[in-house]
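Mapping of the sequence shown onto my numbering: residues 11 to 168, in sequence order.
Think of the CB as a built atom: it goes at the ideal place given N, C-alpha and C, for glycine as much as any other residue.
Down below is the structure, laid out as structure tokens.
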Amino acid sequence: MGRINIRAINGQKHNGHLETRFQQVQNRASAVLDAYDESEQSVEIDLVAHLHRIPTKQIEQDIHGHHEDFVKRYGTVSSKKFHQAIQKCLAEINDGVHPALASVSNHVPYKIIHNLEENSNIEEITNSFFNEMMKLDKHNRDKNPQVAEHNSTSVSVS
């Protein structure tokens, strides 16, 4: 028996109107929505994670982002890739995809999409988040120089 969705965005799990990549993440997206909605109240994210059968850490990363994942996906030099991912999310939202689905499927933290719905200044919000992630990355490299040195000197073998 497959996983049961507590709440599915845009219909049932195997909704033929959704692209496959949205079907694969809609349980995560609904968990993000529940956790983000409940974050202002006293319900803990652990309960949402238990109900959706998703690790708490995954839900937190989908909402707030994870600096290591962010650096791997978008780099540390320029925010251009990140801006492109945000634009892709906004285009999907304009095409009728739920904002939580668009953010989770494109690996963009949901809090950014939520902030963009309230404030339409894309440049300010994305640059602020990009700078925050770079500060976290710098802090982690300063705090753990051996790990940062190992990561920068490791070579992949083909």
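Quiz item: Just the Cα atoms here: how many angstroms apart are Tyr84 and Ile73?
Solution: 17 Å
Self-check item: Extent of the continuous alpha helix (DSSP H) to which Pro109 belongs
Solution: Pro109 to Ser115
Quiz prompt | Identity of the residue in Asn141, Ala41 and Ala110 nearest Leu126 by Cα | solution = Ala110
Quiz prompt | Inter-stretch contact at 8 Å, needing at least 3 Cβ pairs: the stretch 85–95 / the stretch 56–72 | solution = no
Quiz item: Does the beta carbon of Gln68 fall short of 8 Å from some heavy atom of the ligand FAD?
Solution: The ligand FAD is not part of the structure shown, which contains no ligands of any sort.
Exercise. Could you tell me which of Ile132, His124 and Ser130 sits nearest to Val42, measuring between CA atoms?
Key: His124
Exercise. Report the residue ranges of all alpha helix (DSSP H) runs contained in full by the stretch 77–113; include only those spanning at least 4 residues, in chain order.
Key: 77–84 and 90–104
Quiz item: Which stretch, first to last residue, makes up the alpha helix (DSSP H) that contains Glu54?
Solution: From DSSP, Glu54 is part of no alpha helix (DSSP H); its letter is neither H nor E.
Quiz item: Apart from the five residues just before and just after Lys148, which ones in its own chain have a Cβ nearer than 6 Å to its Cβ?
Solution: none
Quiz item: Counting along the chain, where does the alpha helix (DSSP H) carrying Ile122 start and finish?
Solution: Tyr120 to Glu128
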